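Protein chains: 2
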Amino acid sequence: MTSEVESSRRASIYDVAREAGVSHMTVSRVLNDHPNIREATKKRVLEAIKVTNYTPSSIARALATQKAMRIGVLVDSPVQYGPNSTLRALESAARQHGYVISSVSFSAPGDGEEVEDGIAELVTQGIDAICVIAPRLSSLDKVRRKAPGLPTVIVQSEPATEMHTVSVDQRSGAESAVKHLIELGHTSILHLAGPMDWHDSRVRAQAFQETLEAAGLVSAPPIIGDWSSDSGYDVGKSADLGDATAIFASNDQMALGLIHGLQERGLKVPDDMSIVGFDDLPDARHFLPPLTTIRQNFSDLGIQVIELLVRAIEGGVSPYARELIEPKLMIRLSTGAPPKTPRAGALAQAGR
Amino acid sequence: MTSEVESSRRASIYDVAREAGVSHMTVSRVLNDHPNIREATKKRVLEAIKVTNYTPSSIARALATQKAMRIGVLVDSPVQYGPNSTLRALESAARQHGYVISSVSFSAPGDGEEVEDGIAELVTQGIDAICVIAPRLSSLDKVRRKAPGLPTVIVQSEPATEMHTVSVDQRSGAESAVKHLIELGHTSILHLAGPMDWHDSRVRAQAFQETLEAAGLVSAPPIIGDWSSDSGYDVGKSADLGDATAIFASNDQMALGLIHGLQERGLKVPDDMSIVGFDDLPDARHFLPPLTTIRQNFSDLGIQVIELLVRAIEGGVSPYARELIEPKLMIRLSTGAPPKTPRAGALAQAGR
DNA sequence: TTATAGGATGTTAGCGCTCACACTATTAGG
DNA sequence: CCTAATAGTGTGAGCGCTAACATCCTATAA
Numbered sequence: 085m086t087s088e089v090e091s092s093r094r095a096s097i098y099d100v101a102r103e104a105g106v107s108h109m110t111v112s113r114v115l116n117d118h119p120n121i122r123e124a125t126k127k128r129v130l131e132a133i134k135v136t137n138y139t140p141s142s143i144a145r146a147l148a149t150q151k152a153m154r155i156g157v158l159v160d161s162p163v164q165y166g167p168n169s170t171l172r173a174l175e176s177a178a179r180q181h182g183y184v185i186s187s188v189s190f191s192a193p194g195d196g197e198e199v200e201d202g203i204a205e206l207v208t209q210g211i212d213a214i215c216v217i218a219p220r221l222s223s224l225d226k227v228r229r230k231a232p233g234l235p236t237v238i239v240q241s242e243p244a245t246e247m248h249t250v251s252v253d254q255r256s257g258a259e260s261a262v263k264h265l266i267e268l269g270h271t272s273i274l275h276l277a278g279p280m281d282w283h284d285s286r287v288r289a290q291a292f293q294e295t296l297e298a299a300g301l302v303s304a305p306p307i308i309g310d311w312s313s314d315s316g317y318d319v320g321k322s323a324d325l326g327d328a329t330a331i332f333a334s335n336d337q338m339a340l341g342l343i344h345g346l347q348e349r350g351l352k353v354p355d356d357m358s359i360v361g362f363d364d365l366p367d368a369r370h371f372l373p374p375l376t377t378i379r380q381n382f383s384d385l386g387i388q389v390i391e392l393l394v395r396a397i398e399g400g401v402s403p404y405a406r407e408l409i410e411p412k413l414m415i416r417l418s419t420g421a422p423p424k425t426p427r428a429g430a431l432a433q434a435g436r
Numbered sequence: 085m086t087s088e089v090e091s092s093r094r095a096s097i098y099d100v101a102r103e104a105g106v107s108h109m110t111v112s113r114v115l116n117d118h119p120n121i122r123e124a125t126k127k128r129v130l131e132a133i134k135v136t137n138y139t140p141s142s143i144a145r146a147l148a149t150q151k152a153m154r155i156g157v158l159v160d161s162p163v164q165y166g167p168n169s170t171l172r173a174l175e176s177a178a179r180q181h182g183y184v185i186s187s188v189s190f191s192a193p194g195d196g197e198e199v200e201d202g203i204a205e206l207v208t209q210g211i212d213a214i215c216v217i218a219p220r221l222s223s224l225d226k227v228r229r230k231a232p233g234l235p236t237v238i239v240q241s242e243p244a245t246e247m248h249t250v251s252v253d254q255r256s257g258a259e260s261a262v263k264h265l266i267e268l269g270h271t272s273i274l275h276l277a278g279p280m281d282w283h284d285s286r287v288r289a290q291a292f293q294e295t296l297e298a299a300g301l302v303s304a305p306p307i308i309g310d311w312s313s314d315s316g317y318d319v320g321k322s323a324d325l326g327d328a329t330a331i332f333a334s335n336d337q338m339a340l341g342l343i344h345g346l347q348e349r350g351l352k353v354p355d356d357m358s359i360v361g362f363d364d365l366p367d368a369r370h371f372l373p374p375l376t377t378i379r380q381n382f383s384d385l386g387i388q389v390i391e392l393l394v395r396a397i398e399g400g401v402s403p404y405a406r407e408l409i410e411p412k413l414m415i416r417l418s419t420g421a422p423p424k425t426p427r428a429g430a431l432a433q434a435g436r
């Protein structure tokens, strides 16, 4: 057995072939588990692989097969808990199927070209499918226009589209949040929404309104935040809250800031004001008070996306699928019955 | 000008060449900004690129040049704020230099092979350099053994190593946290540490001890948590806290849980107990009370890592570098002067 | 004008792999 | 014992690109 060559170069399939005394093709067959390889030959090749410290080059393989075994993910705001969790889930689900992922992210509000550029970059890298986690409304059309004939799925509860869609059921989540508040006896409920160019934000806001109306309650227009706890804080501290006794915040972070701001104003949660969030951050259960919120199962989401994509890549074109994942209400201490006596001073004094 | 071919295949450099009426090599030269291309020709090629909707294949380019323009990142626990932020920072810094990143992550406690497997997978993908964000002690040796002759940097405040190292100065961070408590007048300070197989955790714990001793105070052995807010909660609720009036938690999440647990025990922060965290999560300023903590600049860290790596890839072997980034103390409301009257009952009654 | 430098382009090979096919051993069937 | 099938292996080409060299232009100088 020739000894390991002390070369800085990575061993190629030919090096292994020489070492094993076979042709490169035999090595390739062993690598790909082809049938019709004599057991003894296989063993010799495996040995040679070990000796040469060989690792197959997926680059060369991708070029030869025209399949990169790579899924491109375009993701907006990956620092946020939701997108980040989805990304992790995608990565691990993809690996199960032998795929790797490449992600391109942009957090900037958007100079308008990020989506196009991102997709172009992914295509350049060489991918077999695209997943877009672009929760902004504006992104969607761009994806549609730019989609380069690759299987594509959008992570978004888009009503109707000519693309695959996977998402957590935002409507149902928001609905159960609001229903929970109604059942506790609240009749004046406010909504702190995310930016209105985010799809999830719109759906939650709409579900909020409809659920309220279905219960015969009036719904004030939502207050608009920007997902950050800072924006929640501002609202909690100084927004005009009318006679509201409960607020449904569109994510946990804003809920956190809200509670903080409310406290500065002299309002206790849940005694004076009930708060429910959305996301169930891992830390939400240790907020003060622990936050009632809606848990989204991102791991399931990732699995569904990858399965859809892999099927589309390998199987061919299925009809456009639309998967919905059911979220779950986590009841904790930030919600309770409305206060008996309507507070008069607290809100007025806070003023503008 | 030939019209755009309605083929499902991606256009290759030859398609562009035919369209422009030049050889493929001329196209390649335009693509790579070679000098000595006539302006008119260049324009024609650019036109053809647009017409054919051509995107270069970095796979083919990688094969031809033997440079993948890809940096592999091996990352432990990417759901945690720190690692995730670092990852984002790396991605964006890499893009500045024309590189993309591939990350392989593992969150499992570790069956022992994740590091080896992860590196092997990255090598297979084809990478020019490796960055390891593996904060566990045990990982390090494995990286060392497995490192396949590629430029490698470890994100970790490792005392001495034969690899490049970039990190936030954990020691200095912990030191300023403890000093802050001492200056406030605390004399009995506890430390809630992270798992002891995490390097950062060890360094912070050690700095805690040394700073205390340097001030002539006694240091109790640290209480060990697992980074989660849950573990902080348990400690806050039922650990034996002696006569401590302040706790330095090794991350913000544990600090959050700690405050929650403390409250259940009937202890107020900062009146009865001062708390300082580590990380400065974006939400930490809205904890109740807003958390005094140590801010780490992950973006700087990412930039430094990539610059080191790119230099190593392109420049050759520089001596092993060791970059340190200075963290910053953020003073908020979770710390204050120690209570005047020593509390007797509160801690005893909490018991186990 | 003609040689000549160098600017502008084309040609060929090869990166590491797989595919399609060709070929050689083996075995089974008549 | 020979043919035919099949198991096992090898050969050549080509995936899309770039490096290196070859060739062709064009301007300038002698």
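Residue numbers (the working numbering), protein chains in the order written: chain A, 85 to 436; chain B, 85 to 436.
No residue lacks a Cβ here, since even glycine has one placed at the ideal position from N, Cα and C.
Because the structure is a prediction, the values reported are computed rather than measured.
Please confirm if residue i has its CB atom under 8 Å from at least one CB of chain A.
i                 : result
ASP367 of chain B : yes
VAL441 of chain B : In the structure as shown, chain B begins at 85 and stops at 436. Residue 441 of chain B is therefore absent and cannot be evaluated.
TYR317 of chain B : yes
ALA204 of chain B : yes
PRO354 of chain B : no
ASP370 of chain B : A quick correction: the sequence has His, not Asp, at residue 370 of chain B. For HIS370 of chain B, the answer is yes, since a Cβ of chain A falls inside 8 Å of its Cβ.
GLY435 of chain B : Only weak support exists for where GLY435 of chain B lies, its pLDDT of 40 falling under 50; the value from the coordinates is given anyway. So no, GLY435 of chain B is outside the interface.
ILE387 of chain B : no
VAL184 of chain B : yes
ALA430 of chain B : Any reading at ALA430 of chain B is ruled out, since the residue's pLDDT is 46, under 50, leaving its predicted position unreliable.
GLU198 of chain B : no
HIS344 of chain B : yes
In the DSSP assignment, what residue or residues form a beta bridge with residue i?
i                 : result
ARG379 of chain A : A:ASP363 and A:LYS412
PHE332 of chain B : B:HIS275 and B:VAL360
So, helix, strand or coil for residue i, using DSSP?
i                 : result
SER322 of chain A : helix
ILE121 of chain B : coil
ALA95 of chain B  : coil
GLU197 of chain B : coil
GLY399 of chain B : helix
GLU407 of chain A : strand
ALA289 of chain B : helix
ASP384 of chain A : helix
GLY105 of chain A : coil
VAL353 of chain B : coil
PRO423 of chain B : coil
VAL302 of chain A : coil
LEU158 of chain A : strand
VAL163 of chain B : coil
ARG436 of chain B : Here the model assigns ARG436 of chain B a pLDDT of 38, short of 50, so the residue's position is not dependable and the matter cannot be decided.
Count the other C-beta atoms from every protein chain shown that fall within 10 angstroms of the C-beta of residue i, then say buried if there are 16 or more, exposed otherwise.
i                 : result
ARG93 of chain B  : exposed
GLU348 of chain B : exposed
ILE133 of chain B : buried
ALA298 of chain B : exposed
TYR165 of chain A : buried
PRO140 of chain A : buried
GLY105 of chain B : exposed
PRO422 of chain A : buried
PRO305 of chain B : exposed
ASN116 of chain A : exposed
LYS127 of chain B : exposed
ARG369 of chain A : buried
GLY264 of chain A : In the sequence under discussion, the amino acid at residue 264 of chain A is His, which differs from the Gly named in the question. By the neighbour-count rule (16 or more Cβ atoms within 10 Å), HIS264 of chain A is buried.
Are the C-beta of residue i and some C-beta of chain B separated by less than 8 Å?
i                 : result
SER189 of chain A : yes
PRO162 of chain A : yes
PRO167 of chain A : no
ARG255 of chain A : no
ARG172 of chain A : yes
*At a Cβ cut of 7 Å, what residues of the segment 206-233 of chain B count as close to chain A, listed as they run along the chain?*
Residues passing the 7 Å Cβ filter: VAL207, THR208, GLN209, GLY210 and GLY233.
_Contact set between the segment 145-160 of chain A and chain B, restricted to residues whose Cβ is under 8 Å from the partner_ = Residues of the segment 145-160 of chain A with a Cβ closer than 8 Å to any Cβ of chain B, in chain order: ALA146, LEU147 and ALA152.
*Scan the segment 314-341 of chain A for residues whose Cβ lies nearer than 8 Å to a Cβ of chain B and list them as they occur along the chain.*
Answer set for the segment 314-341 of chain A: ASP314, GLY316, TYR317, GLN337, LEU340 and GLY341.
*asked:* If the cut-off is 7 Å on Cβ atoms, which residues from the segment 128-147 of chain B count as contacting chain A, listed in chain order?
replied: Against chain A - using a Cβ distance shorter than 7 Å - the residues of the segment 128-147 of chain B are THR139, PRO140, SER141, SER142, ILE143, ALA144, ALA146 and LEU147.
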